[in-house]
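One structure below.
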């Protein structure tokens with residue numbers, strides 16, 4: 006009679022690849038997800054900040070039109086150029102205001118500041134004085150507001166946001182890694198050791 010051969014038990018050890026491979030993958034996924042969230046959140050915040058700063062500049066230019074034009078016209082009508090220069094310097098002291106000029110038919114009457122750079126918002130307002138039922142044209146006020154300050158503030162915000170997000174991501178990732186090690190990895194290692202001991206005991 007032919008006797009059936011019984012296969013020898015497999016005594017190869019089972020390596021705990023799962024416990025060692027999950028943690029690095031989890032950390033990598035957390036870093037990728039955190040980076041994506043940080044990027045989109047930062048881009049959205051910078052967009053809103055940029056729009057807000059542009060509205061602030063428009064508001065200041067409108068403030069010049071509504072609050073300063075009448076006093077500029079009076080100073081120009083009375084030819085009080087010292088007072089006129091003081092008023093223009095006060096306008097230039099407003100945030101992001103860079104250059105102001107009053108000209109009449111191509112002739113420059115007074116300037117304050119320097120129009121340097123390409124990132125400028127420009128606006129012009131005619132200056133007229135109502136005299137004897139008619140408007141007398143005195144000149145034109147040209148305003149140039151710089152966007153360089155806006156871009157510089159945005160760059161500073163980017164550095165602050167990415168720096169704070171990097172620290173937060175590092176702390177959260179480290180905490181999750183420790184939690185994973187404490188609640189998952191050690192149990193997987195125990196299961197792996199138990200399975201290995203049972204195989205060796207066959």
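In the working numbering, the protein residues as written are 6 to 207.
Built from N, CA and C at the ideal position, the CB exists for glycine as well.
Exercise. Could you tell me whether the Cβ atoms of residue 105 and residue 144 are closer together than 7 Å?
Key: No. Outside cutoff.
Quiz item: Using 8 Å as the Cβ pair cut-off and three pairs as the minimum, do the segment 157–173 and the segment 107–127 touch?
Solution: Touching, no, given that fewer than three Cβ pairs across the two stretches are closer than 8 Å.
Practice problem: Alpha carbon to alpha carbon, how far is residue 151 from residue 142? Give it in angstroms, no decimals. | Solution: For residue 142 and residue 151, the distance between alpha carbons rounds to 28 Å.
Exercise. Compute the beta-carbon to beta-carbon distance between residue 146 and residue 132, rounded to the nearest angstrom, for a pair I have assumed lies under 8 Å.
Key: The Cβ separation is near 6 Å, so the contact holds.
Quiz item: By Cβ distance below 7 Å, which residues in the same chain neighbour residue 94 in space, the five residues on each side in sequence not counted?
Solution: Excluding residues within five positions, the ones whose Cβ falls inside 7 Å are 117.
Quiz item: Whose C-beta lies closer than 8 Å to the C-beta of residue 40 among residues of the same chain, with five residues either side of it excluded?
Solution: Within the same chain, residue 40 has close Cβ partners 174.
Quiz prompt | Outcome for residue 66 when other beta-carbon atoms lying within 10 angstroms are tallied against a minimum of 16 | solution = Counting the other Cβ atoms within 10 Å of the Cβ of residue 66 gives 16 or more, which makes it buried.
Self-check item: C-alpha gap between residue 135 and residue 58, whole angstroms
Solution: C-alpha separation (whole angstroms): 35 Å.
Quiz prompt | Terminal residues of the alpha helix (DSSP H) in which residue 157 lies | solution = Residue 157 -> alpha helix (DSSP H) spans 153–185.
Exercise. Can you grab the Cα-Cα spacing for the pair residue 71 / residue 53, in whole Å?
Key: Rounded to the nearest angstrom, the gap between the Cα atoms of residue 71 and residue 53 is 26 Å.
Quiz prompt | Cα-Cα separation between residue 154 and residue 50, rounded to whole angstroms | solution = Rounded to the nearest angstrom, the two C-alpha atoms are 17 Å apart.
Quiz prompt | Coarse secondary structure for residue 98, derived from DSSP in three states | solution = Three-state DSSP puts residue 98 in coil, outside helix and strand.
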